[in-house]
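One structure is given below, encoded as structure tokens.
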Amino acid sequence: MTAGRQNVPSPVSGSLSRGSASGVAIAAGVAALSNFVIMFLGTRTLPAAAGTEFLAFWSLLTGMFGVVSGVQNETTRAVGAVDGGSAPGVRAIAPAMVVGAIVAVLVLLLSPVIGHRIVPLSAGLALPGLVVTTLAYAAYVVLVGSLGGHGWWSHYASLLCSEVVLRMMLVGAVLATGARLGGYVLACCSATAILFIFLAFSARSRRAIGSRADAPMGMMVRKNLLAVLSTSCTAVLVTAYGAILKGVGHGADPLLLGGLILAVSLTRAPILIPLTAFTGVAIKVFLGHRDAPLQAIAKPVGALLGLGVIGGAAAWFVGPWFVPFFNSGYHIQSWVFGFLTFSSAFIAILTLLGTLVLALDAHWVYALGWLVASVIAIAILLTGIELSLRVVLSLLVGPLVGSLVMLGWLVVGSRSNRHVVRN
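If you read the sequence shown in my numbering, its first letter stands for residue 151, the second for the next number, and so on.
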């Protein structure tokens, strides 16, 4: 063990070099591209009902990834704090696995509903796969978060890229041996096994997985749970929405349902993928304008609205031929694709406002804004109006109201600051 430790490079600075930043950006780009490829293969090579179920399963799986990613964020913070001089506490893996087990139990408790309404054709494989993958993914994000916390960005990027590449290889193997829904399900779940490959062959990964957080066990469990609560609200509107739509639209025409799920996924990407890359820069900018948050946010919000209008207008014309490219049976009305693209601007604004309030250390406002947006979106989705209109209104109104919650807090805070200055 001692000899092994001698081969591990010492922690590096947490700042990203140009090469490391490029590596992280490439990993994010590969992940985004693989998302489109997986959706294309699932819808193109499976029958209509199975293709729609695969889209819903993929949304469910990535939704779970989004929920558990809260552990990654907290691990990065906690491990980085210890590297920065804070007193070491519990090993980060222990509280993370407790939280992972809690999420896995929730998935297990919801499995009758999930199996009946979302993945009825593949429930025998999908449900056990989700539970096991939830536990494995909790350990995986601890490794990712610890690598980020130590500033080992090249290993961080390699791990992210390798997980995506392994998933694509497994999906390709299923395609080559005869595309089946169950095979795609297992392929998507099994990519988390990259964790064990890295632990077996990388001394730095073994060191990272044993990293200590900056708090004792009980406090780290609570912090991880709070982080997961926030990312759960985000996942409802971003990654898990398709699975929720499949559950709500149970019994609807699979071609209509599949087309809507696909359209929601496709229309999120043009704004949200660039915004994700911009988030780190946004936090730095907002931290430099803590005394004038409304001025700092005005131009980006205006730009996103403008992009939403332009993108929505273009999507109005592109949608009718682009969606059938994935499956010839999918047909989406022009206005639906256009308004779904426009609605992505409001989710982007909600994301950007969330970044600002986090920079201002208002975590409860962040959670409240996303919670309100999610609850309203789901409430609209549960109404009895026509399904396409329901989806459009859900993704327009929910994020809009959530954004107003955060914006209202910023306005009140800005007025309070001006009052203090006058006095």
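Ideal Cβ positions, reconstructed from N, Cα and C, are used throughout, including at glycine. A quick note: this is a predicted structure, and the numbers were derived from the prediction, not measured.
Within 10 Å of its beta-carbon, does residue i have 16 or more other beta-carbons around it, so buried, or fewer, so exposed?
{"i": "W471", "result": "exposed"}
{"i": "Q222", "result": "buried"}
{"i": "D233", "result": "buried"}
{"i": "M556", "result": "buried"}
{"i": "H305", "result": "buried"}
{"i": "L259", "result": "exposed"}
{"i": "G461", "result": "buried"}
{"i": "R585", "result": "This structure cannot settle anything about residue 585, because the visible part of the chain is limited to 151 through 573."}
{"i": "T327", "result": "exposed"}
{"i": "F492", "result": "buried"}
{"i": "P197", "result": "exposed"}
{"i": "W302", "result": "buried"}
{"i": "S639", "result": "This structure gives no information on residue 639, because the portion of the chain shown stretches from 151 to 573."}
{"i": "P549", "result": "buried"}
{"i": "E313", "result": "buried"}
{"i": "F351", "result": "exposed"}
{"i": "S415", "result": "buried"}
{"i": "I344", "result": "buried"}
{"i": "S140", "result": "Nothing can be reported for residue 140: it is not among the residues displayed for the chain, which extend from 151 to 573."}
{"i": "A237", "result": "exposed"}
{"i": "A495", "result": "buried"}
{"i": "G430", "result": "With a pLDDT of only 47 at G430, under 50, the local geometry of the prediction cannot be trusted, and no value is derived from it."}
{"i": "S272", "result": "buried"}
{"i": "V291", "result": "buried"}
{"i": "S172", "result": "exposed"}
{"i": "G458", "result": "buried"}
Quick check on DSSP: helix, strand or coil for residue i?
{"i": "R330", "result": "coil"}
{"i": "T505", "result": "helix"}
{"i": "A427", "result": "In this prediction, A427 scores a pLDDT of 49, lower than 50, which makes its location untrustworthy; no coordinate-derived value is stated."}
{"i": "S415", "result": "helix"}
{"i": "E313", "result": "helix"}
{"i": "I499", "result": "helix"}
{"i": "A254", "result": "helix"}
{"i": "A390", "result": "coil"}
{"i": "G548", "result": "helix"}
{"i": "I535", "result": "coil"}
{"i": "G615", "result": "The question about residue 615 has no answer here: the residues shown for the chain are numbered 151 through 573."}
{"i": "M556", "result": "helix"}
Does the distance from the CB of residue i to the CB of residue j come in under 9 Å?
{"i": "V324", "j": "L316", "result": "no"}
{"i": "G299", "j": "S361", "result": "yes"}
{"i": "Y334", "j": "S209", "result": "no"}
{"i": "Y480", "j": "L405", "result": "yes"}
{"i": "V398", "j": "L277", "result": "no"}
{"i": "M214", "j": "L280", "result": "yes"}
{"i": "G519", "j": "L503", "result": "yes"}
{"i": "A512", "j": "C383", "result": "no"}
{"i": "A242", "j": "S380", "result": "no"}
{"i": "F207", "j": "A393", "result": "yes"}
{"i": "L395", "j": "V541", "result": "yes"}
{"i": "G239", "j": "M367", "result": "yes"}
{"i": "M370", "j": "P270", "result": "no"}
{"i": "E579", "j": "G179", "result": "As displayed, the chain neither begins before 151 nor continues past 573, which places residue 579 out of reach and without an answer."}
{"i": "A509", "j": "L454", "result": "no"}
{"i": "A177", "j": "A307", "result": "yes"}
{"i": "L407", "j": "L537", "result": "yes"}
{"i": "G490", "j": "L387", "result": "The residue asked about is misnamed: residue 490 is Leu in this sequence, not Gly. No, the pair does not count as a contact, with Cβ atoms beyond the cut-off."}
{"i": "A251", "j": "L285", "result": "yes"}
{"i": "T195", "j": "A329", "result": "yes"}
{"i": "T417", "j": "A465", "result": "yes"}
{"i": "A288", "j": "V249", "result": "yes"}
{"i": "L543", "j": "I530", "result": "yes"}
Whole-angstrom Cβ separation of residue i and residue j, contact assumed at under 8 Å?
{"i": "L560", "j": "P450", "result": "That belief does not hold up - the Cβ atoms of L560 and P450 are roughly 13 Å apart, past 8 Å."}
{"i": "V229", "j": "A363", "result": "6 Å"}
{"i": "G401", "j": "I482", "result": "About 20 Å separates the two Cβ atoms, so there is no contact after all."}
{"i": "L310", "j": "A182", "result": "Contact flag wrong, Cβ pair sits at about 12 Å."}
{"i": "F348", "j": "L412", "result": "F348 to L412, Cβ: 33 Å. No contact."}
{"i": "A358", "j": "G216", "result": "Actually they are not in contact, since the Cβ atoms of A358 and G216 sit about 22 Å apart, beyond 8 Å."}
{"i": "L191", "j": "C338", "result": "Not quite, the Cβ-Cβ distance comes to about 11 Å (not below 8 Å), so this is no contact."}
{"i": "V547", "j": "I528", "result": "No, V547 and I528 are not in contact; Cβ-Cβ is about 11 Å, not under 8 Å."}
{"i": "G322", "j": "L275", "result": "About 19 Å separates the two Cβ atoms, so there is no contact after all."}
With a threshold of 9 Å between beta carbons, is residue i in contact with chain C?
{"i": "P278", "result": "Within the model displayed, chain C is absent; a lone protein chain is all it includes."}
**Report entry** Whole alpha helix (DSSP H) elements within the segment 341-388, 4-residue minimum
**Finding:** 344-351, 353-359, 367-387
Notebook entry, point to check: Curious, which full-length alpha helix (DSSP H) runs of at least 4 residues does the segment 261-304 contain?
Noted result: Scanning the segment 261-304 from its first residue to its last, the whole alpha helix (DSSP H) runs of 4-plus residues come out as 273-300.
Which runs of the beta strand (DSSP E), 3 residues or longer, sit entirely within the segment 187-243? none
(Q) List, from N- to C-terminal side, the alpha helix (DSSP H) runs of 4 residues or more that fit wholly inside the segment 443-528. (A) 443-476, 484-509
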